[in-house]
Structure formats: structure tokens, C-alpha cells
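If you read the sequences in order, they're chains C and A. Start counting the first sequence at 0; every next residue gets the next number (numbering that gives the first Met the number 0). Start counting the second sequence at 0; every next residue gets the next number (numbering that gives the first Met the number 0). Backbone N, C-alpha and C define an ideal beta-carbon position, used for all residues, glycine too. Data block below; observations after.
Number of protein chains: 2
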Amino acid sequence: MTDFLRIAGAQVDLTVGDLDGNTEIIRQAMTWAEECEADVLLLPELAITGYPPEDLVLRDAFVTANIAALHRLAEHSGSTTTVVGFVDRSSLPPDDAGHIRVHNAAALLQAGRVRGIYHKCRLPNYGVFDEDRYFSPGLKPGALWEINGVVVGVSVCEDIWVPDGPPAVQAAAGADILLNINGSPYHRGKSAERAAMLSTRARAAGVPVVYLNLVGGQDELVFDGGSMVFDSEGALLYRAPLFAEERFWIDVPLPAEGRTGVEATVVSSGDLLEGDPEPPPPTHEPLDDIAEVYQALVCGLRGYTRKNGFKGVVIGLSGGIDSALTATIAADALGPDWVWGVTMPSRYSSPGSVDDSRALATNLGIRFDEIPIEPPFVGFLDTLGPVFAGSASDVTEENLQARIRGAILMALSNKFGTMVVATGNKSEMSVGYSTIYGDMVGGYSVLIDVWKTLVYDLARWRNRDGEVIPQATMDKPPSAELRPGQLDTDSLPPYPVLDQILQAYIEMDQSIAQIVNDGFDRALVERITRLVDRNEYKRRQAAPGVRITTKALGRDRRLPITNRFHG
Amino acid sequence: MTDFLRIAGAQVDLTVGDLDGNTEIIRQAMTWAEECEADVLLLPELAITGYPPEDLVLRDAFVTANIAALHRLAEHSGSTTTVVGFVDRSSLPPDDAGHIRVHNAAALLQAGRVRGIYHKCRLPNYGVFDEDRYFSPGLKPGALWEINGVVVGVSVCEDIWVPDGPPAVQAAAGADILLNINGSPYHRGKSAERAAMLSTRARAAGVPVVYLNLVGGQDELVFDGGSMVFDSEGALLYRAPLFAEERFWIDVPLPAEGRTGVEATVVSSGDLLEGDPEPPPPTHEPLDDIAEVYQALVCGLRGYTRKNGFKGVVIGLSGGIDSALTATIAADALGPDWVWGVTMPSRYSSPGSVDDSRALATNLGIRFDEIPIEPPFVGFLDTLGPVFAGSASDVTEENLQARIRGAILMALSNKFGTMVVATGNKSEMSVGYSTIYGDMVGGYSVLIDVWKTLVYDLARWRNRDGEVIPQATMDKPPSAELRPGQLDTDSLPPYPVLDQILQAYIEMDQSIAQIVNDGFDRALVERITRLVDRNEYKRRQAAPGVRITTKALGRDRRLPITNRFHG
Numbered sequence: 000m001t002d003f004l005r006i007a008g009a010q011v012d013l014t015v016g017d018l019d020g021n022t023e024i025i026r027q028a029m030t031w032a033e034e035c036e037a038d039v040l041l042l043p044e045l046a047i048t049g050y051p052p053e054d055l056v057l058r059d060a061f062v063t064a065n066i067a068a069l070h071r072l073a074e075h076s077g078s079t080t081t082v083v084g085f086v087d088r089s090s091l092p093p094d095d096a097g098h099i100r101v102h103n104a105a106a107l108l109q110a111g112r113v114r115g116i117y118h119k120c121r122l123p124n125y126g127v128f129d130e131d132r133y134f135s136p137g138l139k140p141g142a143l144w145e146i147n148g149v150v151v152g153v154s155v156c157e158d159i160w161v162p163d164g165p166p167a168v169q170a171a172a173g174a175d176i177l178l179n180i181n182g183s184p185y186h187r188g189k190s191a192e193r194a195a196m197l198s199t200r201a202r203a204a205g206v207p208v209v210y211l212n213l214v215g216g217q218d219e220l221v222f223d224g225g226s227m228v229f230d231s232e233g234a235l236l237y238r239a240p241l242f243a244e245e246r247f248w249i250d251v252p253l254p255a256e257g258r259t260g261v262e263a264t265v266v267s268s269g270d271l272l273e274g275d276p277e278p279p280p281p282t283h284e285p286l287d288d289i290a291e292v293y294q295a296l297v298c299g300l301r302g303y304t305r306k307n308g309f310k311g312v313v314i315g316l317s318g319g320i321d322s323a324l325t326a327t328i329a330a331d332a333l334g335p336d337w338v339w340g341v342t343m344p345s346r347y348s349s350p351g352s353v354d355d356s357r358a359l360a361t362n363l364g365i366r367f368d369e370i371p372i373e374p375p376f377v378g379f380l381d382t383l384g385p386v387f388a389g390s391a392s393d394v395t396e397e398n399l400q401a402r403i404r405g406a407i408l409m410a411l412s413n414k415f416g417t418m419v420v421a422t423g424n425k426s427e428m429s430v431g432y433s434t435i436y437g438d439m440v441g442g443y444s445v446l447i448d449v450w451k452t453l454v455y456d457l458a459r460w461r462n463r464d465g466e467v468i469p470q471a472t473m474d475k476p477p478s479a480e481l482r483p484g485q486l487d488t489d490s491l492p493p494y495p496v497l498d499q500i501l502q503a504y505i506e507m508d509q510s511i512a513q514i515v516n517d518g519f520d521r522a523l524v525e526r527i528t529r530l531v532d533r534n535e536y537k538r539r540q541a542a543p544g545v546r547i548t549t550k551a552l553g554r555d556r557r558l559p560i561t562n563r564f565h566g
Numbered sequence: 000m001t002d003f004l005r006i007a008g009a010q011v012d013l014t015v016g017d018l019d020g021n022t023e024i025i026r027q028a029m030t031w032a033e034e035c036e037a038d039v040l041l042l043p044e045l046a047i048t049g050y051p052p053e054d055l056v057l058r059d060a061f062v063t064a065n066i067a068a069l070h071r072l073a074e075h076s077g078s079t080t081t082v083v084g085f086v087d088r089s090s091l092p093p094d095d096a097g098h099i100r101v102h103n104a105a106a107l108l109q110a111g112r113v114r115g116i117y118h119k120c121r122l123p124n125y126g127v128f129d130e131d132r133y134f135s136p137g138l139k140p141g142a143l144w145e146i147n148g149v150v151v152g153v154s155v156c157e158d159i160w161v162p163d164g165p166p167a168v169q170a171a172a173g174a175d176i177l178l179n180i181n182g183s184p185y186h187r188g189k190s191a192e193r194a195a196m197l198s199t200r201a202r203a204a205g206v207p208v209v210y211l212n213l214v215g216g217q218d219e220l221v222f223d224g225g226s227m228v229f230d231s232e233g234a235l236l237y238r239a240p241l242f243a244e245e246r247f248w249i250d251v252p253l254p255a256e257g258r259t260g261v262e263a264t265v266v267s268s269g270d271l272l273e274g275d276p277e278p279p280p281p282t283h284e285p286l287d288d289i290a291e292v293y294q295a296l297v298c299g300l301r302g303y304t305r306k307n308g309f310k311g312v313v314i315g316l317s318g319g320i321d322s323a324l325t326a327t328i329a330a331d332a333l334g335p336d337w338v339w340g341v342t343m344p345s346r347y348s349s350p351g352s353v354d355d356s357r358a359l360a361t362n363l364g365i366r367f368d369e370i371p372i373e374p375p376f377v378g379f380l381d382t383l384g385p386v387f388a389g390s391a392s393d394v395t396e397e398n399l400q401a402r403i404r405g406a407i408l409m410a411l412s413n414k415f416g417t418m419v420v421a422t423g424n425k426s427e428m429s430v431g432y433s434t435i436y437g438d439m440v441g442g443y444s445v446l447i448d449v450w451k452t453l454v455y456d457l458a459r460w461r462n463r464d465g466e467v468i469p470q471a472t473m474d475k476p477p478s479a480e481l482r483p484g485q486l487d488t489d490s491l492p493p494y495p496v497l498d499q500i501l502q503a504y505i506e507m508d509q510s511i512a513q514i515v516n517d518g519f520d521r522a523l524v525e526r527i528t529r530l531v532d533r534n535e536y537k538r539r540q541a542a543p544g545v546r547i548t549t550k551a552l553g554r555d556r557r558l559p560i561t562n563r564f565h566g
């Protein structure tokens, strides 16, 4: 007979600030966990508030309301010990500015009460994370809790990423099992990184590790779920699905060499279930690289659209691959009935731009309209005529066309309550090959963190079972179609070259010298990186969009607009 | 005979990332300080890189270049000890993510070498500050340096704001004088706060305090200068001007009871000047509240425009007070030849909107053009007609007019290379009473942190010596003029009421319950605060603009867009 702890996990999709809604989701999970006879139920980091709550944490009314919600949940708790994230007030004195300090905390609820509270010790303050702005670090990394005779270590997210973090301290102090709750955002390949890290931690500690993650979209971030359980030898017992909600329970065998029996704060003094552990539920396989990115984009757009109360979206279709992929993702995220494609031809549009857009709309089964931009374009040229007299046609007239399209999409948004989805990709946004207030308009952006070369990979992947995105769209050379015969390659190198330079400069923070050393033409690298630097002002006014890398163009990368460094 | 230290200060305007330009400014100040026979020259925090360099600090090439610049400056140093801010590499091991750690540092340069380095200990990580993201804290708050026989404590900015910070430690350890270099951004009334704090520190330490600040605009931030020197009893000896560059030197008398003579790292072993100290240079008086805000706005706009290479700006003039004040500030910042006012009347504009705009332009001596929006408006209604068939005219058509104006201003910007300045104020931006991609367009925003009631105060102040902003503009009730007879008060309470509610909710983080308790109507407070919450998405895409409070709508206030908390 093997002793085991029955651990339930609720990999749920929560909404920042929705204390009532989140509490209800948690309450339902608690009821379910009791029915499952679980010893422990895990919920995500800051589950009550949603994650990340950002500056809401600085509002006293918000912290107060979240603590009240915690106490309501505690009253609901029964024999299962619920581990749930919330914002805890600190007993430390106020900070230098007089603000009350708070902690990113995990409460242990059982039998109607809050039985214990753990404070996150390692606060991430890099990339998209600003936890030093909000939280004071916990001072008790080695806290241990006794649940039905088993000694348990509880930690929060970042705590487990460092080899000598709180879980290692807890294991050394005698934990029989390590529980880690998370609000861990997705980036490409992160699920595999997490699995390797968690396996290493379990093996090093010699005890099982249970990792519970949040799922769903929150502004730029996508939480990919993929909760995992590892045994004391680092073998994967179970993986929850990526990008989907899931409730699971698993009987986690406790270390064969017996439990430590060290003294710990008693949370629950019940008995373990008897008999043999049930086999783990069927595990979910990780996704292939491109499928994983595609699902992240779907999840991010769906989360933003629904949580902000939009039923549908409207997308300008140019006949090109960016808008085609964006519309396809939108149809997958929201259903075709909630996606509206609009083609807005100009005097410079190729016939293909309308035909290919219509073919895409037909393939997707979405509403499609054609709204020519000529009448307002003529109107602008007319009213600007006297001021422009004597000056040649230039990028001004090109941008005007893009801005007319932006204004038309926004008019549809205003009139019909749909959200405009922007279609720009990371390559364009990096070099400023986009019109601010033109093709950049939108409430949300699907491809803003997707290099153009990856756009093609995603489109090919989506077409794997048959043509959705028209082949003509896949094959045509990229063009903004803002003047006759215009091609992206008139002013940019081919995208495979461009993307490599941009990736080195933006995602790897390499210097111009390093990139040239790697074999790229110096003049080209100088020109491209200068475009990146000079277009920071446009990116500052861009719509937020799904983050899929560790260096998205939003709050991952906080560069001054006013900046003369170039190196 | 009183011993004294001759301290020179260079309150200079630097540019982020302009390592060569900043180094040249510093070099010239060093030459000047030698000529003044100064014992010490102070330059601002992170003077070599400009402040704040933000994520440039994460670029290895940037840190390397800044250290190379420091060594070039060291070679230039002579008998004067130069205290200058730079980014220093740490001897600490890399962080968990493998990044090399760096410090926000002050170097002491003398006789051709770097003689000492101090690392900032207190890193601000609130409001607009993210220094925990970039820097490791210094571990030697009590470091002391000997300059010509005098024991000196050096610290950086935030170090001196806390009562028990490094300067207090240095004084307790035997410093004869405390030197503090800054990149301290302006907010309303901050100069007086600083003076009171510094006087307290000097008195508590019983030694003189010299405070040197940066001046000039950097994106949202305005550095207001106002460097100050206090004697050992906390009396102000000298104040440099606000919002202007200034080089000064002052003979700072050392404590009457004699110097401590404690052991310290010898930086310079020269002799003090003999004879009596020169009297301090004429001090600059602080500015009145409204004058101070006005100068901050001028300084911020001038800095952004010049440092980003724009010679001129273009501003849409509506006949209302926001655009009138914006144009006036622009004319004061850049000179009237570099400001272009454009009126864009619609079918709903009052005759006054054109006449009052023309009168303003005449008063300011700026270029003025009239560009009607009717032709493109008709064009939009024409092309949208089939899709809009059967729906009544609503906010869509209002927003279209604003977006046409935005597109016209951007067309002028594209064609003539001028920057559009946005004219929205903080009250409008808070409740979303603005059209995204319409009146919100622009590279920079002057009034984005100025409540509407303060807009009137500033306009009256600017008119104090005669009418610049037309009286008709001052007197007319605020209106967006997007439909016949429209007034702001149709949908908003009077601005004095609105601004009080917004100030409580946004700047003081008060709850709805608190604001109602203070005597405001609950339904009104509910409605206004809900507008604030719902319009976060617009603010996220707003142009950056001058920060004059401790809670501007940009990076001071980082709220999620997706957020259901309302309390």
C-alpha cells in the first residue's frame, strides 16, 4: 500500500478585477474538490484578483475587497484544503512613501477558516513583470504545513524557478511534497522549459512537485495552463491541456522512503484516503511549435474580446497574408458569425486584393463588405489642395489612404459595436512600416509579436488540411498597395533577412557590431536598426496585442522615444 | 578665517542615449570648473547616459559605450574633482536570468583617473520609476572620500529622500559635507518639497548639503533643475533657476566646530583655497504655483520637440481653450515662427470657432490656415452609405469629423515635417471625452496631465499682461462642436465638480465610497468613475505628454485594460 495525497487542480480562466466572478469560479471548484474527496485543491496565483492586477493593487479598496472575498471563500471550505492566491496586507511597517505594504500570497483554507498564509518570496521584476512595484517579498521561504499528516511546502510561481528558492528550502526542511501555484504567461516553447525545470526541481528535492497554472488571455498576456505533476524522481505523472480550462485530480504517491514527520503548522488533521492510488488521468501531449503559437494567438484574442464585452470584431482585409491570418485566427477564436471582413480598395489596389479577400471570407464563412476609399480620398485631396499646392505626391498621400481605411473601420466599430482588430506583424511594427492612425488602428492586435516569416509558417499550418487562406494570398509578394506597383522589398530586404536582423537586435539585444559579425551587411544593419530606433513613437501608440516571445514590443521592451543611442 | 570648499555645479540639459553629446557638455563644464578653481564639480545623475535610459541599460553595447565615455572624461580631469553619474558594471554575480548586474553610479574623476565610485543604494521603484528593473543597490552607503583634506559624502537622488539614507550614514561616519546628484523630475510643488527636505537633512546631519539636479524634458518627464545649497544649519545659501540651464560655483563654508578628519579614500590631495569665501551668487526665487506649471509645460514641449529633431509643430485650433493654450505654450517654447495653427471647420462649427482661432493666431504671430472638413466628410458618408443604410446618425458621425481633422493634421505633418501636438486635457482623457485617432492624434501632448480647471488658471495667468488667448475663447462654454449646439455639460458635470471627483479617484486612489462620503452625489461618482475605468484602452494609445503631477495618466498609473473592478 502506498500513501498518497489526492490533489485537485482547477486550471481556470479568471478575469482581472472581477472579484465576484472569480470568487464564484473558485467556490464551484471547491465544491467539486470536496466531491472528489481531494485532500488539497490548487487554484492559480492571485486567483481572487486575477493576474496581473497591476496598479489596482495600489487601491486600498481593491485590497480590502479581495481580502473580504478570501474570507467568504474560507467560510465555504470543508475538509479539502484549498490553496488559493490573493493579495495579503503585510504586518511590515508602511514603505517610505507611506503606502501599506502587501504580499503576493497563497492562503490555505480548510474547515471554514484561513489556516495558513504563505507570502511569495521571489518577486519577478523583469520583462513584463513589475512585482517589486507592488509587493513586499515574503520572509518565510521554508514555511511548512501539515495536511492530513503530510508535510507540504507551498510556493508561488517565480519561487520555483531558482534552484535555491523556497521549494528547495522547504524540501530541505522536510516537505513531503511541493505545491506551486502560478500565473505564468506563455512564450514560445515555455511549456517545455517549465517541464524540464520542474522535473529537475522534483528530482533535486526528492519529493513530488505539483504545478498549477492559470489559463486565458489578459491584455497582452496569454496564460497557457499546462499544469503538471511530477513524481519524486522527476517523472511526469500528468499534464493538463494547454490554452484550455481543466479540472483534474490525481493521487500523488508520497516518497517511498517514508514521510519526514517534521513539525509543521497543522492545516487539516484528517486522514489520508486508504487503499491504492487511482492511476493518473490521461495526460495531454504538448503541442507542436507552430500549433502552440497559433493556439496562443487564438486564446489571447478570445480573452481580450470576450472579457472586454465585445461580441464581434471587424478586420480590414487587404488581400495580403497578415489580414488573412488575422481574420482566420479571429474566426477560430470567436466563430465566423462574429467576424466581419471589409475590403477597402483604392485606385492603387490590385484586382486580386478584393478577389482574394472575398475568397478568404467565403472560406471562413464570415460577413464581407466592400467599401471603396475613393470618395473620402478625393475629398481630402480637394480640401488639402490649396495648402499642398506646388508639392509633389509623396508618402503623405500613401498614409492618407491608410488613415481613411482606419477611419472607416473605426466608423463600423462605433456604429455596430464591434472591435477593430489590427493586423500589423512584428517585422513591420519594428521598422515602422505601418501608418499610425491608419493600418495601426484597433483595440487589439493579433500578430504584433509575430515575425513575418512566422506569419507564413502559421498560415501554412492553418492550411494543412485544405485551403483556408487563398493560395494567391500566400504566393503574392508582400505589398502595402499604396502606390502603383509598390512592393515591401522596394524599401526592405527580404523578410527572412530582415527578421534575423530584427530578432538579433530586438529579442537578443545584440549590438550592430555583433550582428555584422554574424555575417550581415553593415549598411543594411545600420539602416534597419535605425528604423527600429526611430519608430519607437509609433509603437508607443500601438494597440496592445498577444505576446508570444520573451521580448514583445510592449512592456517587455521599454525604450525611451527620445533617444540618440545607436549601437 | 573660515575653511570652505569651492563647489561648482553644472545644471545641464542632457539627452538620453546621446553619449557623445552629453560627454562633450560634461567636458566643457570640467574645463570651466578648472578655470573657476573649484575643488569639486557636480554633474547630474546618469549624466553620461541621460536620464532615464530605461531598457537601453539592458543593452551591453550601451553600458560598454557609457563606461568608455567615462574613461575619456577621466583623462580630461585635472585638479577639480568631478562627480558625474554613469552606469557601472557590478562585481556581483549575474542575476537569475544570467544578466550582468549594473549600478546607478557616481564616479569621482581627478587628475586623469577614476578615483572612486559610489553606487546608489536606494532605488526608486514606484510612480514613473523602475530602477529595480535595471540596477542593483549599492552596498556601501557610508563610503567617504577625502577631497583636499575635506571628508565628503556622495550620494545619488533617492538616497537623500529617506531620513536614514546614505547621506545620514555618511554624516554619522564623519562627512564634513554631503553632495547629492540628481535626475529628479518635476511635479507641481516639488521644488518646495525638496527645499524643506534638504534643509531638514542638512540640519540633522549638521553639515552642508549640495543638491545638483538635471534640467530639461525627456519624453513625459520634465527635470526642473533648481539645484540648491544648504549650510550646516539648514539655511539656503543658493538656488539655481528652475527650468533653465545654469553653471554656478559657491564657496561652501565647512562646519564651524572643525572637520572630523576621519579616514576616507583619498580622491584629491590638493589644498583648499585660502582667504575668506566669496559670497554666494545671487539666488533664484522659486516660481509661483501657476507660473511653475506653465514653465514645466514649456520646458517639456521644447525638450521633446528639439531632441526629436522637429523644427516646428502644427496644432488644430478649435476656438476652444485647450487648443488655444496649447498653441500659446508652443509659441513660447519654440518661437511663433515654428508654430502652425489650423482651423478645420465643419457644418456644425460656430462662426466663433474660426474667428477666435484666427484672433489667437494673430495675437501669437503664428501661421494660420483654414482647411474645411466638409469634402472628406461627404466622401465618408457617401462610401459608408450602403453599410450604414437604415441606421440613425450617432456618435459615429461625430467621431468621423474628429478623425478627419486628425488625418488632415497628420497629412500636414507628413508633407511638411512638423509634429502634431495633441490638445486634450487630463479631465477629458480621464473620462474618455476624446476621439481616439481623432483629436487624440499627435506626437506629444502638452495638457494631458492638466485638469480642465487648471487649463483656465494657466490661460488667465498667461493673459496677465494683456490678451493673448482671446477673451471669447476664455468665456465660451466648453464644446466639442460635433453636433449642433453641443456642450460638454450635456454629458459631464461642470468641470470644477468633475475635476474634484477625478482628482480623488485618480490622483488619490480614493474609493467611490470615500468620494461619496466627501459629499458628492453617488450616481454621479459611479458614472464618472466608470467612464474612467472604461476608457483605459484609449489612454493606452495616447501620445505621451508632459507630466506635472505625481499621478499622470501614463506610466505613473499602470492599470489593466481588461478590468472589472469598480470600487
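Would you list, in chain order, the members of the segment 405–418 of chain A that have their beta-carbon closer than 9 Å to a beta-carbon of chain C? G405, A406, I407, M409, A410, L411, S412, N413, K414 and F415
With distances taken between CB atoms, is the gap from A/D54 to C/R26 smaller than 8 Å? no
Can the beta-carbon of C/L45 be found less than 8 Å from the beta-carbon of C/N103? yes
At 3 residues or longer, what runs of the beta strand (DSSP E) sit wholly inside the segment 253–303 of chain A? 264–267
Report the partner residues of C/D250 according to the DSSP bridge assignment. C/R5
Taking the alpha carbon of A/R463 as the point to measure from, which residue in A/A201, A/R132, A/Y293 and A/R114 has its own alpha carbon closest? A/Y293
Please work out which residues of its chain come closer than 7 Å, Cβ to Cβ, to C/V524, disregarding the five sequence neighbours upstream and downstream, and give them in chain order. I500, I511, I514 and V515
Looking only at C-alpha atoms, which of C/M227, C/A471, C/L552 and C/V454 sits nearest to C/N534? C/L552
Residues of chain A with CB under 8 Å from C/S390, in chain order? K414
Would you call the segment 408–419 of chain C in contact with the segment 385–393 of chain C, where contact means no fewer than 3 C-beta pairs closer than 8 Å? no
Would A/Y347 pass as an interface residue toward chain C - the criterion being a Cβ-Cβ separation below 8 Å? no
Within this structure, are the beta carbons of C/V161 and A/D94 separated by less than 8 Å? no
So, do the segment 299–316 of chain A and the segment 436–453 of chain A have three or more beta carbon pairs nearer to each other than 8 Å? yes
Within the segment 110–191 of chain A, ranges of the beta strand (DSSP E) (whole runs, at least 3 residues): 112–118, 144–146, 149–155 and 176–180
For chain A, check one thing: does any of its Cβ atoms lie closer than 8 Å to the Cβ of C/F387? yes
Rounded to the nearest angstrom, what separates C/F134 and A/L72 at their Cα positions? 40 Å
Sort out for me which residues DSSP pairs A/M571 with in a bridge. This structure gives no information on residue 571 of chain A, because the portion of chain A shown stretches from 0 to 566.
Just to confirm, are C/G115 and C/W144 a CB contact at a threshold of 8 Å? yes
List, in order along the chain, the chain C residues whose C-beta lies closer than 7 Å to that of A/R539? P543
Which one of A/S433, A/D2, A/L399 and A/D275 has the shortest CA to CA distance from A/R258? A/D2
Does the Cβ-Cβ distance between A/S154 and A/P136 come in under 8 Å? no
Scan the segment 387–431 of chain C and note each continuous beta strand (DSSP E) run of 3 residues or more that stays entirely inside, going in chain order. 418–421
Are the segment 177–194 of chain C and the segment 260–271 of chain C in contact at 8 Å, needing three or more beta carbon pairs? no
What are the residues in the segment 352–374 of chain C lying within 8 Å of chain A by C-beta distance? D368, I370, P371, I372, E373 and P374
Since A/E369 sits in a beta bridge, which residues does DSSP pair it with? A/T342
Taking the continuous beta strand (DSSP E) assigned at A/D87, which residues delimit it? T80 to R88
Touch test, the segment 464–474 of chain A against the segment 343–350 of chain A, Cβ-Cβ under 8 Å, three pairs minimum: no
A/L457 in three-state terms, based on DSSP: helix
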